[in-house]
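*Asks:*
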Amino acid sequence: MAIYHLHVGIVSRRAGRSSVTAAAYRAGEKLKNDYDGATHDYINRNSISTAAYRAGAKLNEFDFTNKKGVVHSEIMLPENAPREYFNRSTLWNVVEKSEKRWDAQTARDIDVALPIEFKRQEQIEVMREYIQENFVDRGMCADFSIHDKLDGNPHAHILLTTREVSEKGFNGKNREWNKTQCLKQWRGNWADICNAKLRAKGIGERIDHRTLKAQGIDREPTIHMGAEATALECKGIFTERGNKNRDIIARNTAKHMYKLKQECLILDNEISALQKQIAEARQEELALRFEAEQIHERVEEIKNMKGRQYEQATNYFKRTYNITPQQAAVKIEKLGRTAQSKRNLQEKLQNKINVSVEEKKDSLKVQSVRENILLIQHTRERTQEYERIRYR
Numbered sequence: 001m002a003i004y005h006l007h008v009g010i011v012s013r014r015a016g017r018s019s020v021t022a023a024a025y026r027a028g029e030k031l032k033n034d035y036d037g038a039t040h041d042y043i044n045r046n047s048i049s050t051a052a053y054r055a056g057a058k059l060n061e062f063d064f065t066n067k068k069g070v071v072h073s074e075i076m077l078p079e080n081a082p083r084e085y086f087n088r089s090t091l092w093n094v095v096e097k098s099e100k101r102w103d104a105q106t107a108r109d110i111d112v113a114l115p116i117e118f119k120r121q122e123q124i125e126v127m128r129e130y131i132q133e134n135f136v137d138r139g140m141c142a143d144f145s146i147h148d149k150l151d152g153n154p155h156a157h158i159l160l161t162t163r164e165v166s167e168k169g170f171n172g173k174n175r176e177w178n179k180t181q182c183l184k185q186w187r188g189n190w191a192d193i194c195n196a197k198l199r200a201k202g203i204g205e206r207i208d209h210r211t212l213k214a215q216g217i218d219r220e221p222t223i224h225m226g227a228e229a230t231a232l233e234c235k236g237i238f239t240e241r242g243n244k245n246r247d248i249i250a251r252n253t254a255k256h257m258y259k260l261k262q263e264c265l266i267l268d269n270e271i272s273a274l275q276k277q278i279a280e281a282r283q284e285e286l287a288l289r290f291e292a293e294q295i296h297e298r299v300e301e302i303k304n305m306k307g308r309q310y311e312q313a314t315n316y317f318k319r320t321y322n323i324t325p326q327q328a329a330v331k332i333e334k335l336g337r338t339a340q341s342k343r344n345l346q347e348k349l350q351n352k353i354n355v356s357v358e359e360k361k362d363s364l365k366v367q368s369v370r371e372n373i374l375l376i377q378h379t380r381e382r383t384q385e386y387e388r389i390r391y392r
């Protein structure tokens, strides 16, 4: 089922990162960072740098063209941005050259989970709509890539510029984009646009569907009508006995429906609880995989650093993850095992939900059959009484 995940981060030189490597990693391309002249060739998928891994594209000297799972990459620009910025290498190298500080924040980094109910083209369309309305229309250049390894975890990475842009290039920083209110809007808008698409596909919000085994229905017996009352009822004249029987039938139906409602409420509660557990497990799995990916990225970046930059990045890594870069492989493996256990839990819970849904369907079928039998039985009794009167 669709789950909500949206994480916003910053690409900062203070942490030893660059927007060029971030872009290449996400798009799976090969890039060269003209700012520091760093060249990284990661054609061998066993060694991955930050940006090229995520996008599966080929930008100057960060090579991730063999990266698996990158199914779509695209750059979206404001109308007044230079057209040459549609070239990924050009765009992010210009971004890097625009920043002079050693600790500059060069880009904003967003990753979102895509609803598994969406087909590929729908995923692309929902990303375009969301990015256009929330970022491009506000003046940001956006570079997004969709990743899907067909493991039930389709997601997208969005890399955003932090400076105002004009026909001549980038200008000053827009501090409004850093406000908490913007983040709240972006998070809310992502939920809104996904829900709108789900509704358009006929997939509504989940309501409480809970399951119980079908139970027998207690039915209050009707009273004997008698020939006279039956004859009058057949002529459309309501009688005291007929009214009593109608009241009994109404009570039987209400009692029957009440029990069914209670069964459904219990089923709904059980399914809702299972759905929440699945959502929590899904969120935990995403967080674990994201952390593992981040650790891997940082380690690969640190490997290519020297001198003071290496020392600063290593210290930052230790403070962030409480491990040294040399201990990262063990940490990543542990995170992977834990994430897989969360995936297995989701599958078990979903199987329980499927069983509960089938039980509810069976309950509704039994209820419908019993109501029809009740109605037919009452009609047959009236008909028999009428026939006896006619041929007496």
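Those letters in the sequence shown? Residues 1 to 392, per the numbering used here, in order.
Cβ atoms here follow ideal geometry from the backbone N, Cα and C, with glycine treated the same way.
Report all residues from its chain with a CB closer than 7 Å to the CB of A229; omit the five preceding and five following residues, and keep chain order.
*Replies:* To locate residue 229, count along the sequence shown from 1; it is residue 229. Around A229: T239, R241, G242.
*Asks:* Please list, in chain order, all residues of the same chain as K303 whose beta carbon is under 6 Å from its beta carbon, the five residues on each side excluded.
*Replies:* For the purposes of this step, residue 303 is identified with residue 303 of the sequence shown, where counting begins at 1. Excluding positions up to five away in sequence, the list is empty.
*Asks:* Can you tell me whether F118 is helix, strand or coil according to DSSP?
*Replies:* As a position in the sequence shown, residue 118 is number 118, starting the count at 1. Looking at F118 - three-state DSSP - the assignment turns out to be coil, as it is neither helix nor strand.
*Asks:* In the structure shown, what three-state DSSP assignment does K173 receive?
*Replies:* Position 173 of the sequence shown, counted from the first residue, corresponds to residue 173. Strand.
*Asks:* Does the beta-carbon distance from G69 to H147 come in below 8 Å?
*Replies:* Along the sequence shown, one-based indexing puts residue 69 at 69. Along the sequence shown, one-based indexing puts residue 147 at 147. Closer than 8 Å, so yes.
*Asks:* Please name the residue in Y4, H5, V20 whose C-alpha comes closest to that of V11.
*Replies:* Numbered from its first residue, the sequence shown carries residue 11 at position 11. The shortest Cα separation from V11 among Y4, H5, V20 belongs to V20.
*Asks:* Just to confirm, are S396 and L31 a CB contact at a threshold of 8 Å?
*Replies:* For the chain, the structure presents residues 1 to 392; residue 396 sits outside this window and is missing.
*Asks:* On the criterion of 16 or more Cβ atoms from any shown chain inside 10 Å, does L160 qualify as buried, or is it exposed?
*Replies:* Position 160 of the sequence shown, counting from 1, holds the residue named residue 160. Under this definition L160 is a buried residue.
*Asks:* Nearest chain C C-beta to A23 closer than 8 Å, yes or no?
*Replies:* No chain C appears in the structure shown, which is made up of a single protein chain.
*Asks:* CB F170 to CB V95, shorter than 8 Å?
*Replies:* Start at 1 with the first residue of the sequence shown, and residue 170 comes out as number 170. Start at 1 with the first residue of the sequence shown, and residue 95 comes out as number 95. Taking 8 Å as the Cβ cut-off, F170 and V95 qualify as a contacting pair.
*Asks:* Taking just the CA atoms, how far does A196 sit from E233?
*Replies:* In the sequence shown, the residue the question calls residue 233 occupies position 233. In the sequence shown, the residue the question calls residue 196 occupies position 196. The straight-line gap from Cα to Cα measures roughly 53 Å.
*Asks:* What does the alpha-carbon distance come out to for the pair S356 and H296?
*Replies:* Position 356 of the sequence shown, counting from 1, holds the residue named residue 356. Position 296 of the sequence shown, counting from 1, holds the residue named residue 296. Rounded to whole angstroms, S356 to H296 spans 41 Å at the Cα level.
*Asks:* Can you list, in chain order, the residues of its chain with a C-beta nearer than 8 Å to that of G172? Leave out the 5 residues immediately preceding and following it.
*Replies:* For this step, residue 172 is matched to residue 172 along the sequence shown. R163, E164, listed in sequence order.
*Asks:* Could you check the C-alpha separation between K276 and Q283 for me, to the nearest Å?
*Replies:* As a first step, residue 276 must be located in the sequence shown, where it is residue number 276. As a first step, residue 283 must be located in the sequence shown, where it is residue number 283. Going by the C-alpha atoms only, they are around 10 Å apart.
*Asks:* If you draw a straight line from the C-alpha of Y310 to the C-alpha of D143, how long is it?
*Replies:* For the purposes of this step, residue 310 is taken as residue 310 along the sequence shown, with counting starting at 1. For the purposes of this step, residue 143 is taken as residue 143 along the sequence shown, with counting starting at 1. Approximately 28 Å between the Cα atoms of the pair.
*Asks:* Based on Cα-Cα distance, which residue from E133, N354, S145 lies nearest to Q123?
*Replies:* Numbered from 1 along the sequence shown, position 123 holds the residue referred to as residue 123. Taking Q123 as reference, the option from E133, N354, S145 with the minimal CA-CA separation is S145.
*Asks:* So what's I10 in DSSP terms, helix, strand or just coil?
*Replies:* To locate residue 10, count along the sequence shown from 1; it is residue 10. For I10, the three-state secondary structure derived from DSSP is strand.
*Asks:* To the nearest angstrom, how far is the alpha carbon of D137 from that of T253?
*Replies:* In the sequence shown, the residue the question calls residue 137 occupies position 137. In the sequence shown, the residue the question calls residue 253 occupies position 253. Straight through space, the alpha carbons of T253 and D137 are spaced by roughly 57 Å.
*Asks:* What does the alpha-carbon distance come out to for the pair K331 and A292?
*Replies:* Start at 1 with the first residue of the sequence shown, and residue 331 comes out as number 331. Start at 1 with the first residue of the sequence shown, and residue 292 comes out as number 292. One C-alpha to the other measures close to 8 Å.
*Asks:* Would the beta-carbon of P154 fall within 8 Å of that of I116?
*Replies:* Sequence index remark: in the sequence shown, residue 154 carries index 154 (1-based). Sequence index remark: in the sequence shown, residue 116 carries index 116 (1-based). A contact, by the Cβ cut-off of 8 Å.
*Asks:* Here's a check: name, in chain order, each residue in its chain whose Cβ is nearer than 6 Å to the Cβ of M76, leaving out the five neighbours to either side.
*Replies:* The residue you call residue 76 lines up with position 76 of the sequence shown. Here the set comprises I131, V136, A142.
*Asks:* Among D151, R298, V126, whose alpha-carbon lies nearest the alpha-carbon of I158?
*Replies:* Here residue 158 refers to the residue found at position 158 of the sequence shown. Closest by alpha carbon: V126.
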